[in-house]
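Below is one structure; the comments refer to it alone.
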Amino acid sequence: MRTLLIPGLLAMLLVACGGDAAKAPTAPTGSTTPPAPEMSVRIRAMEDSLFAKTVFDRRGAQALLDVYKAYAKAFPNDSMAPEYLFRAAGMSKGLGGPQEAVQLYDRIIKEYPQWSRLADTYYLRAFTIDADLKQKGNAKTAYEEVIARFPDHRFAKDAKAMIQNLQYTDEELIERFRRMNDSIDAAQVKAD
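Under this note's numbering, residues 659 to 850 are what the sequence shown spells out, in order.
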């Protein structure tokens with residue numbers, strides 16, 4: 659089924675996208691992929707359609723994920739390629755594919771080391787390893803990498819907190835946060 663989906667999506671993109679290809683960046687010679695700006699317009703339309711729905715559209719989300727990845731493959735040097743890979747990672751995570759999400763974050767890290775949202779990428783990679791894959795040792799290493807590479811970034815502080823929380827079970831964390839909220843509420847009542 660999936661092997662039919664990708665060619666179908668590319669065919670939809672070809673039909674839906676028109677314009678002056680001579681003025682826009684194009685895919686490699688011999689490719690049937692439309693120019694990057696036209697694909698971007700189609701991606702925006704797919705995003706708008708998907709996010710306007712009140713009910714989760716799994717097929718639409720999977721289609722958008724596939725188009726994000728197809729764009730990055732067709733236009734790896736385009737400035738939107740890492741952004742679409744980043745969105746693909748989030749979409750994959752949301753679709754229950756945390757391992758694929760980590761692979762996409764790794765791809766961004768490897769192929770786009772100067773990207774402006776690289777700190778976000780490292781942090782979300784670590785968080786996915788922690789929260790979704792439940793690999794505490796690998797998560798600790800990934801959080802430490804966030805701290806080492808981006809010591810002044812807001813995610814460094816978050817990564818330190820996440821490392822401290824790795825020692826607790828989910829139930830212990832819930833109880834710990836409940837007690838913190840109770841003490842904050844008590845302090846506010848006292849101050850009033």
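Quick reminder that beta carbons are idealized off the backbone N, C-alpha and C, glycines included.
CA-CA distance, residue i and residue j?
i	j	result
residue 840	residue 714	35 Å
residue 731	residue 742	10 Å
residue 770	residue 808	16 Å
residue 722	residue 844	47 Å
residue 810	residue 820	16 Å
residue 773	residue 831	34 Å
residue 822	residue 708	37 Å
residue 762	residue 778	13 Å
residue 818	residue 802	8 Å
residue 759	residue 836	31 Å
residue 786	residue 847	37 Å
residue 815	residue 838	19 Å
residue 701	residue 735	18 Å
residue 749	residue 842	35 Å
residue 740	residue 733	10 Å
residue 852	residue 752	Residue numbering for the chain in the displayed model covers 659 to 850; residue 852 lies beyond these limits and cannot be assessed.
residue 828	residue 795	16 Å
residue 716	residue 806	37 Å
For residue i, which residues from the same chain have a beta carbon less than 8 Å from its beta carbon, with the 5 sequence-adjacent residues on both sides left out?
i	result
residue 738	694, 698, 729
residue 826	834
residue 767	776, 779, 780, 783
residue 718	704, 707, 708, 711
residue 850	none
Less than 6 Å between C-beta atoms, sequence neighbours within five positions excluded: which residues of the same chain meet that for residue i?
i	result
residue 781	804, 813
residue 791	756
residue 746	723, 726, 727, 762
Between residue i and the rest of its own chain, which residues show a CB-CB distance below 7 Å, the 5 nearest in sequence each way excluded?
i	result
residue 765	743
residue 679	Confidence in residue 679 is poor, its pLDDT being 35 and thus under 50, which makes the residue's placement unreliable; the coordinate value appears in the next sentence. 693.
residue 797	784, 787, 788, 824
residue 800	783, 784, 787
residue 793	787
residue 754	none
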